[in-house]
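*Asks:* My questions all concern the structure below.
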Amino acid sequence: MQAFTKASALALQDDVVVDTILRELPAGTRRRLSPYAKLLVRVVYQLIADSPQVANTPIVLATQHGDLHRTIRLLHDLADEQQLSPTQFSLSVNNAALGQLSILLDNTAAMTTVAAGDDSFAMGWLEALLQLQQSPEVLFIYADEPPPEPYTKHAELPEQAFAMAVLLSSQQGHPLQFEAKPSAEKTGLLEPVQQLHQLISQHGQGEVQLQGKQAWSWYVG
Numbered sequence: 037m038q039a040f041t042k043a044s045a046l047a048l049q050d051d052v053v054v055d056t057i058l059r060e061l062p063a064g065t066r067r068r069l070s071p072y073a074k075l076l077v078r079v080v081y082q083l084i085a086d087s088p089q090v091a092n093t094p095i096v097l098a099t100q101h102g103d104l105h106r107t108i109r110l111l112h113d114l115a116d117e118q119q120l121s122p123t124q125f126s127l128s129v130n131n132a133a134l135g136q137l138s139i140l141l142d143n144t145a146a147m148t149t150v151a152a153g154d155d156s157f158a159m160g161w162l163e164a165l166l167q168l169q170q171s172p173e174v175l176f177i178y179a180d181e182p183p184p185e186p187y188t189k190h191a192e193l194p195e196q197a198f199a200m201a202v203l204l205s206s207q208q209g210h211p212l213q214f215e216a217k218p219s220a221e222k223t224g225l226l227e228p229v230q231q232l233h234q235l236i237s238q239h240g241q242g243e244v245q246l247q248g249k250q251a252w253s254w255y256v257g
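Using this note's numbering, the letters of the sequence shown map in sequence onto residues 37 to 257.
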């Protein structure tokens with residue numbers, strides 16, 4: 037499937053810039069954002085700096101684990117027979133971070149969350165491409181953190197917390213082809229994502245491969 041890319045942003049959890057962007061948010065809003073949600077919000081604000089239309093664009097968020105750290109804390113509270121916080125419970129669902137983002141941006145466009153195990157990044161990208169058939173632009177976001185105990189033994193990815201955002205277009209920009217490939221050796225997640233971000237942001241040419249349960253290729257340029 038072919039589309040065009042207009043902009044890309046990548047945020048790592050240990051980037052210094054995170055505090056600068058989040059400092060502009062109201063204090064009450066910052067307190068309600070988990071580390072996962074802060075990464076997501078920050079990468080979108082990075083993109084808005086160069087592409088203001090992102091604030092009113094349909095969004096597809098892909099994530100394998102979502103805000104699992106918040107969910108685990110709630111499960112520990114249940115195990116300890118403590119009363120659950122209604123606020124924490126409402127923010128633990130998979131689309132809660134998108135809801136927080138939509139309020140911050142005053143964005144009333146359609147928003148979709150995709151979780152598909154090891155193929156979450158690729159399946160979210162596929163969903164965004166399909167939505168381009170109805171919208172001239174779609175914002176694709178991937179955000180994830182390494183899972184907490186006791187799930188660390190059962191999920192190897194991502195290697196570290198990060199978020200990526202790409203503004204996709206059906207009409208103009210840097211061309212990109214996306215397709216499924218025969219299965220290959222399983223890859224990590226962060227390195228291919230960094231390669232893809234570099235090719236898009238620098239208008240380069242090349243192929244990026246990602247292997248989950250299925251193999252996927254992005255041909256940029």
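Heads up, the beta-carbon is just placed ideally off N, CA and C, and yes, glycines get one too.
Just verifying my parser: in three-state terms, what is the DSSP assignment at V129?
*Replies:* coil
*Asks:* Using the three-state DSSP reduction, which class does Y72 fall into: helix, strand or coil?
*Replies:* In the displayed model, Y72 falls within a helix according to three-state DSSP.
*Asks:* Relative to the C-alpha of E173, which candidate in V256, A133, A146, Q118 has its C-alpha closest?
*Replies:* A146
*Asks:* Alpha helix (DSSP H) containing S2: first to last residue?
*Replies:* No answer is possible for residue 2: the residues shown for the chain start at 37 and end at 257.
*Asks:* Taking the beta strand (DSSP E) that M200 belongs to, which residues open and close that run?
*Replies:* 198-205 is the span of the beta strand (DSSP E), which, as asked, contains M200.
*Asks:* May I have the straight-line CA-CA distance separating A43 from L175, to the nearest angstrom?
*Replies:* 10 Å
*Asks:* S205: which of E60, H101, W161 sits nearest, CA to CA?
*Replies:* That would be W161, whose Cα lies nearest to the Cα of S205.
*Asks:* Give me the Cα-Cα distance between D113 and L120, rounded to the nearest whole angstrom.
*Replies:* When rounded, the separation of the alpha-carbon atoms in D113 and L120 is 7 Å.
*Asks:* Is it buried or exposed, D86, if we count other Cβ atoms within 10 angstroms and call 16 or more buried?
*Replies:* Around the beta carbon of D86, a 10 Å sphere encloses fewer than 16 other beta carbons of the protein chains shown; the residue is thus reported as exposed.
*Asks:* Taking 8 Å as the threshold (C-beta atoms), are L225 and V256 in contact?
*Replies:* no
*Asks:* Could you say which of K222, P228, H233 lies nearest to A251 if we only look at CA atoms?
*Replies:* K222
*Asks:* Where does the unbroken alpha helix (DSSP H) through H101 begin, and where does it stop?
*Replies:* No alpha helix (DSSP H) holds H101; DSSP gives it neither H nor E.
*Asks:* One question on the structure: do P71 and E181 come within less than 8 Å of each other, judged by their Cβ atoms?
*Replies:* yes
*Asks:* Are the Cβ atoms of R109 and L127 separated by less than 8 Å?
*Replies:* no
*Asks:* F176: beta carbon under 7 Å from a heavy atom of the ligand MN?
*Replies:* Although the ligand MN was asked about, the structure shown includes no ligands whatsoever.
*Asks:* Can you give me the C-alpha to C-alpha distance between L97 and M200, rounded to a whole angstrom?
*Replies:* 10 Å
*Asks:* Enumerate in chain order the residues of its own chain whose CB-to-CB distance from N143 is below 8 Å, with the five nearest sequence positions on each side excluded.
*Replies:* Cβ within range, chain order: A91, N92, T93, I95, L137.
*Asks:* Run through the DSSP bridge pairs and tell me what P211 is partnered with.
*Replies:* F40
*Asks:* As a quick exercise: from A158, E227, P184, pick the residue whose alpha carbon is nearest that of F214.
*Replies:* Nearest to F214 by C-alpha distance, out of A158, E227, P184, is A158.
*Asks:* I need the straight-line Cα distance from E117 to V80, nearest angstrom please.
*Replies:* 38 Å
*Asks:* What are the partner residues of F176, as DSSP defines its beta bridges?
*Replies:* V96, V202
*Asks:* Determine the burial state of A132: buried for a count of at least 16 other Cβ atoms within 10 Å of its Cβ, exposed for fewer.
*Replies:* buried
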